[in-house]
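Per our numbering, residue 261 is the first one in the sequence shown, and the count goes up by one each step.
Take a look at the structure below.
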Amino acid sequence: MATLKAVRGTRDLLPPETGLWNYVEATARAVFARYGFGEIRTPIFEDTALFARGVGEETDIVSKEMYTWQDRTRADSDSAQSLTLRPENTAGVVRAYIEHKLADTGMLQKLFYIGPQFRRERPQRGRYRQFWQIGAEVLGPAWSGADSALRDAEVLEMLSTFLNELGVKGWKLEVNSVGSSTDRPKYIAALREALAPVRDKMSADNQRRAETNPLRVLDSKDAGDQEIIDGLPKIADFLDDASKEHFGQVLAALDACGVAYTVNPRLVRGLDYYTRTTFEFTVPDGSGLGTQNALLGGGRYDGLSELLGGPKAPGIGFAIGEDRLILTLQAQEAMAKEQKLDAFVAPMGVERNAAALALAQELRRAGLSVEVGDGSFRLKKSFEAADKLARRMVIVGEDEVSSGILTVKDFSAGDQTKVPRAELASFLRA
Numbered sequence: 261m262a263t264l265k266a267v268r269g270t271r272d273l274l275p276p277e278t279g280l281w282n283y284v285e286a287t288a289r290a291v292f293a294r295y296g297f298g299e300i301r302t303p304i305f306e307d308t309a310l311f312a313r314g315v316g317e318e319t320d321i322v323s324k325e326m327y328t329w330q331d332r333t334r335a336d337s338d339s340a341q342s343l344t345l346r347p348e349n350t351a352g353v354v355r356a357y358i359e360h361k362l363a364d365t366g367m368l369q370k371l372f373y374i375g376p377q378f379r380r381e382r383p384q385r386g387r388y389r390q391f392w393q394i395g396a397e398v399l400g401p402a403w404s405g406a407d408s409a410l411r412d413a414e415v416l417e418m419l420s421t422f423l424n425e426l427g428v429k430g431w432k433l434e435v436n437s438v439g440s441s442t443d444r445p446k447y448i449a450a451l452r453e454a455l456a457p458v459r460d461k462m463s464a465d466n467q468r469r470a471e472t473n474p475l476r477v478l479d480s481k482d483a484g485d486q487e488i489i490d491g492l493p494k495i496a497d498f499l500d501d502a503s504k505e506h507f508g509q510v511l512a513a514l515d516a517c518g519v520a521y522t523v524n525p526r527l528v529r530g531l532d533y534y535t536r537t538t539f540e541f542t543v544p545d546g547s548g549l550g551t552q553n554a555l556l557g558g559g560r561y562d563g564l565s566e567l568l569g570g571p572k573a574p575g576i577g578f579a580i581g582e583d584r585l586i587l588t589l590q591a592q593e594a595m596a597k598e599q600k601l602d603a604f605v606a607p608m609g610v611e612r613n614a615a616a617l618a619l620a621q622e623l624r625r626a627g628l629s630v631e632v633g634d635g636s637f638r639l640k641k642s643f644e645a646a647d648k649l650a651r652r653m654v655i656v657g658e659d660e661v662s663s664g665i666l667t668v669k670d671f672s673a674g675d676q677t678k679v680p681r682a683e684l685a686s687f688l689r690a
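In structure tokens form, the structure reads like this:
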């Protein structure tokens, strides 16, 4: 019988690596809470139309990468609904905003999420078919301040704080404005005109994009096309006065907060719903991500709610590739080595197992992390297990049980100390 394994493009996350994942997510929750964000959890599958309308039918995500199936309500029924595992989460969050009438509160909604997404991509380092994202969205009626450049800058400043608190080294922020819904058609027309005489010299993917979605050509990483792309018109030359003012206000707020950035006129992001501010955070080469060093990205999407049949709700959001963030932290060794448990309780003989478990319970209730050995272990095996797992070993033998004085072995100092049971928790915290 063949051995069953995880499906290609997926993998299992195991201890101790999951400890790092939990730390990253706990840091995200703590930082985002300081900025007034609350967590939202949406289904991992949605009506396919949500992504076709929200993400864009001509994007690679919708045209090539989605996991979609026909779901029949009854096995003998001819009627079916097209469902899709979510390839990204912004469309789902906006759908929830509309469905639950959050606009009626009149308040700015600041929502974050942590969870898996699914795309049928070619698996490579840091890119999987089931991958995890940490993201956030800020949206609401215009009168709530949702369309303010202040919100764009606040999101970017929050992200810089998050990366700094995690210890990510050498990150860089690139920003751009892709203009309003009236700017973009003019720019796209200019792109089509510029691409027409050179399209046949480009890669097959970019030839298709030049026809269906010219903005995606700017987002291309195809090395052979970069010289052509560098010569294409710049979006900055097509921005109206309102878009220029908005972008200027974003940059001024970043300057005021001391957040370093570079304006990249080619930065457009890959999804159709972006307007005005777009951004991307990258890390240096050698940070574990190979040739593609983007860590996270996002932008403003002022028309997405209306595109999905909802009320006008300007918004801005981002998504962090958590898999890639973990690789970066590991490559940069930004995280401290795995933290050991506070204590390993080692019963000397099976008849001490119950006493050892009761002691471990007492220490755990005092807030300490504790593992319990087994009285069947030989002393050498207990020492080896304790040294791998914990900073100290607490020996529970006949003398310790009768006297209430525990023997504590400190592995870093190499000494043993007799500690009264009443003082043990305080001693182990030191």
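Just so it is clear, CB atoms sit at the ideal spot from N, CA and C, and this is done for glycine as well.
Query: What is the rounded straight-line gap between the Cα of R468 and the Cα of Y534?; Result: 21 angstroms
Query: Would W403 be called buried (16 or more neighbouring beta carbons within 10 Å of its own) or exposed?; Result: exposed
Query: Would you list the residues sitting across from P376 in a DSSP beta bridge?; Result: W392
Query: The ligand HEM heavy atoms versus the CB of P275: any closer than 7 angstroms?; Result: This structure simply doesn't include the ligand HEM, nor any ligand for that matter.
Query: Between A470 and D479, what straight-line distance do the alpha-carbon atoms span, to the nearest angstrom?; Result: 12 angstroms
Query: Quick one: what does DSSP say L273 is sitting in, helix, strand or coil?; Result: coil
Query: Output needed for V284: all residues of its chain with C-beta closer than 8 angstroms, excluding positions within five of it in sequence on either side, in chain order.; Result: I394, L426, E582, L585, I586, L589
Query: Locate the alpha helix (DSSP H) running through Q330, then write down its first and last residues.; Result: Here Q330 belongs to no alpha helix (DSSP H); instead the beta strand (DSSP E) covers 328-332.
Query: Identify whether L410 lies in helix, strand or coil by the three-state DSSP scheme.; Result: helix
Query: In terms of residues, what are the limits of the alpha helix (DSSP H) holding S565?; Result: 564-567
Query: By how many angstroms is the C-alpha of R389 removed from the C-alpha of D602?; Result: 38 angstroms
Query: Along the chain, where does the beta strand (DSSP E) containing D670 start, and where does it finish?; Result: 665-670
Query: Please check the pair A363 and G400, which I expect to be a contact at CB under 8 angstroms, by giving their CB distance rounded to whole angstroms.; Result: 7 angstroms
Query: Measure the beta-carbon distance from G439 to F498 and round it to whole angstroms, keeping in mind my assumption that it falls under 8 angstroms.; Result: 6 angstroms
Query: Are three or more beta carbon pairs between the region 302-318 and the region 274-292 nearer than 8 angstroms?; Result: no
Query: Please confirm if the region 322-330 is in contact with the region 268-288, defined as three or more CB-CB distances below 8 angstroms between the two stretches.; Result: no
Query: According to DSSP, simplified to helix, strand and coil, what is R652?; Result: strand
Query: On the DSSP bridge list, what partners appear for K432?; Result: T542
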